[in-house]
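First residue of the sequence shown? That's 19 in this note's numbering, and the numbers climb one at a time after it. This report concerns only the one structure given below.
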Amino acid sequence: MNRGALLILSSREIRKKAIDWIMRLPPGTRVEFKEPQRTLDQNSRMWAMLTDIARQCHIDGRRLTTDQWKVVFMHELGQQVEFIPSLSGTFIPYGQSSSDLGVKEMSDLIESMFAYGAENSVTWSDPKSKEASRDAA
Numbered sequence: 019m020n021r022g023a024l025l026i027l028s029s030r031e032i033r034k035k036a037i038d039w040i041m042r043l044p045p046g047t048r049v050e051f052k053e054p055q056r057t058l059d060q061n062s063r064m065w066a067m068l069t070d071i072a073r074q075c076h077i078d079g080r081r082l083t084t085d086q087w088k089v090v091f092m093h094e095l096g097q098q099v100e101f102i103p104s105l106s107g108t109f110i111p112y113g114q115s116s117s118d119l120g121v122k123e124m125s126d127l128i129e130s131m132f133a134y135g136a137e138n139s140v141t142w143s144d145p146k147s148k149e150a151s152r153d154a155a
């Protein structure tokens, strides 16, 4: 078996394979269980929403990039975000990536963005965002 392996528990056979692998692992081997990762649809929606927010909103009179807004929303959800010095003397965010978020966490992030958008009269360009915004109202 490889040094690392990933199984998505999608069938009874895969579950049996996981059990078999676990039974053959040596003591001290780390086994990690995670909820399903965010979907590609969620990721696309997040970036469309971040683009709309970056074009239409500001914090203390300052416009932020989509990446900066992502850090703001990740922080609002309690995700650990630190700023570390870069080689050029500026500071860069360091913390959990949105690609590490599970489906539920990503859903919470998107809901937080919808709420912010509603409070700040954001016009959504993504048709799915518009539908979800209407449904939430």
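Idealized CB from N, CA, C, for every residue including glycine. None of the values given here were measured: they were computed from a predicted structure.
Inspect the beta-carbon positions of Met-41 and Trp-142 and report whether they are closer than 8 Å. no
Taking the alpha-carbon of Ile-128 as reference, which of Ile-102, Pro-103, Asp-59 has the nearest alpha-carbon? Asp-59
Given that a residue counts as buried once 16 or more other Cβ atoms are within 10 Å of its Cβ, and exposed if not, what is Arg-81? exposed
Span of the alpha helix (DSSP H) holding Phe-91? 84 to 94
Inter-residue CB distance, Phe-91 and Met-131 (contact presumed, cutoff 8 Å): 6 Å
Decide if Arg-63 is buried, meaning its Cβ has at least 16 other Cβ atoms within 10 Å, or exposed. buried
Of the residues Ile-71, Gly-107, Arg-48, which one's Cα is nearest the Cα of Glu-137? Ile-71
Please state if the CB of Leu-25 and the CB of Ser-36 are separated by a distance shorter than 8 Å. Sequence inspection shows Ala at residue 36; the Ser mentioned does not correspond to that position. Yes, these two residues count as a Cβ contact at 8 Å.
For Arg-48 and Trp-39, what's the separation of their Cα atoms in angstroms? 12 Å
Between the Cα of Thr-57 and the Cα atoms of Asp-118, Val-89, Arg-30, which residue gives the shortest distance? Asp-118
Ile-102 lies in the beta strand (DSSP E); which residues open and close that run? 99 to 103
For Glu-53, which residues of its own chain have a beta-carbon under 6 Å away from its beta-carbon, when the five flanking residues on both sides are left out? So the list reads Gly-120, once near-sequence residues are dropped.
Euclidean distance between Cα positions of Ile-77 and Trp-65: Between the C-alpha atoms of Ile-77 and Trp-65 there is a straight-line separation of about 19 Å.
To the nearest angstrom, report how far apart Asp-85 and Pro-111 are at their CA atoms. Asp-85 and Pro-111: Cα-Cα distance of roughly 9 Å.
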